[in-house]
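S.K.: What follows is a structure written as structure tokens; I'll ask about it next.
Structure, rendered in structure tokens:
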């Protein structure tokens, strides 16, 4: 038997098998590395997006916080001169205090206007408020509620949000009528006004 030829063939087969195995192993490792790299890339993208989203301010808050504040305005309601304090709150609450509301100048007294507001433009918001009007007390009468009122407010701001223009228009109904849904109940009174003012800033 030719042992030398057998050894040569065995060596050749071993060499071929070795090369095949090495190539297979290299390709396998390359695929694993590529897959691992892809996984790492996806994880990096995911965490990057998460970090960006976590650090990004809420759009509604970022777009509305400029309006929040307290403003002192002067103007007139139904041609009666009066100052009005306007407060726009972060939680969506809107409040106005009229200088004439506890006087007899309007023939009645009325509460603060309390309601909600929302942004309608870059420099504009709208609000809707409730108030209750009553006859002023006298020596012979403690007064009585005469109207439930609802009003629409439009507020326009200057570009630096330091000054405002406010317009108000509203309607009142009988004390037993809900102004949110008055149905066909008659309007007992109407009012309107226009005011200009500035933001209160801490020195």
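In my numbering, the protein residues as written are 348 to 550.
Cβ atoms here follow ideal geometry from the backbone N, Cα and C, with glycine treated the same way.
1. Within its chain, find whatever has a CB closer than 6 Å to the CB of residue 500; leave out the 5 residues flanking it on each side and keep chain order.
2. Helix, strand or coil for residue 414? Go by DSSP, reduced to three states.
3. Kindly indicate which three-state DSSP category residue 531 falls into: helix, strand or coil?
4. When you compare the CB positions of residue 334 and residue 547, do they come within less than 7 Å of one another, or not?
5. Would residue 431 and residue 542 be called neighbours here (beta carbons separated by less than 7 Å)?
6. Is the CB-CB distance between residue 508 and residue 411 below 7 Å?
7. Assign residue 492 to buried or exposed, taking buried as 16 or more other Cβ atoms, counted over all protein chains shown, within 10 Å of its Cβ.
8. Tell me whether the beta-carbon of residue 562 lies closer than 7 Å to the beta-carbon of residue 429.
9. Check for me: the beta strand (DSSP E) holding residue 524 runs from which residue to which?
10. Quick one: Cα of residue 436 to Cα of residue 481, how far?
11. Between the Cα of residue 420 and those of 477, 452, 504 and 483, spot the shortest distance and give me the residue it belongs to.
12. Count the other CB atoms, across all protein chains shown, that sit within 10 Å of the CB of residue 523; report buried if there are 16 or more and exposed otherwise.
13. Considering only DSSP beta bridges, list what residue 537 is partnered with.
14. So, are the CB atoms of residue 498 and residue 476 less than 7 Å apart?
15. Let me know if residue 385 comes out buried or exposed under the rule of 16 or more other beta-carbons within 10 Å of its beta-carbon.
16. So, at 7 Å on beta carbons, what are the nonlocal neighbours of residue 415 in its own chain, with the 5 sequence-adjacent residues on each side left out?
17. So, residue 494 versus residue 535, is the Cβ gap smaller than 7 Å?
18. Would you kindly report the start and end of the unbroken beta strand (DSSP E) that includes residue 491?
19. Among 424, 525 and 471, which residue has its Cα nearest to the Cα of residue 510?
20. Am I right that residue 458 and residue 479 are in contact with their C-beta atoms under 8 Å? What's the rounded C-beta distance?
21. Identify, in the order they occur along the chain, each residue of the same chain with its Cβ nearer than 7 Å to the Cβ of residue 463, setting aside the five sequence neighbours on each side.
M.R.: Quick look at the numbers:
1. 474 and 515.
2. Correct three-state label for residue 414: helix.
3. In the structure shown, residue 531 sits in coil (DSSP, three-state: anything other than H, G, I, E or B).
4. This structure cannot settle anything about residue 334, because the visible part of the chain is limited to 348 through 550.
5. Taking 7 Å as the Cβ cut-off, residue 431 and residue 542 qualify as a contacting pair.
6. Between residue 508 and residue 411, the C-beta gap is not smaller than 7 Å, which leaves the two residues out of contact.
7. Classification of residue 492: exposed, given that the 10 Å Cβ count is below 16.
8. A query on residue 562 cannot be resolved here, the shown segment of the chain reaching from 348 to 550 and no further.
9. For residue 524, there is no enclosing beta strand (DSSP E), as DSSP gives it neither H nor E.
10. The alpha-carbon atoms of residue 436 and residue 481 are separated by roughly 27 Å.
11. Selected option, being the one with the closest Cα: 504.
12. Counting every other CB atom within 10 Å of its CB across the protein chains shown gives residue 523 a total below 16, marking it as exposed.
13. According to DSSP, residue 537 bridges with 518.
14. Yes; because the gap between Cβ atoms is below 7 Å, this pair is in contact.
15. Unreliable placement is indicated for residue 385, whose pLDDT of 49 sits below 50; the coordinate value is still reported in the next sentence. Exposed: under 16 other Cβ atoms inside 10 Å.
16. The residues are 435, 436 and 437.
17. Less than 7 Å separates the beta-carbon of residue 494 from that of residue 535.
18. From DSSP, residue 491 is part of no beta strand (DSSP E); its letter is neither H nor E.
19. Of the candidates 424, 525 and 471, 471 places its Cα closest to the Cα of residue 510.
20. Rounded, the Cβ-Cβ distance is 5 Å, consistent with contact.
21. The residues are 439, 440, 441, 474 and 475.
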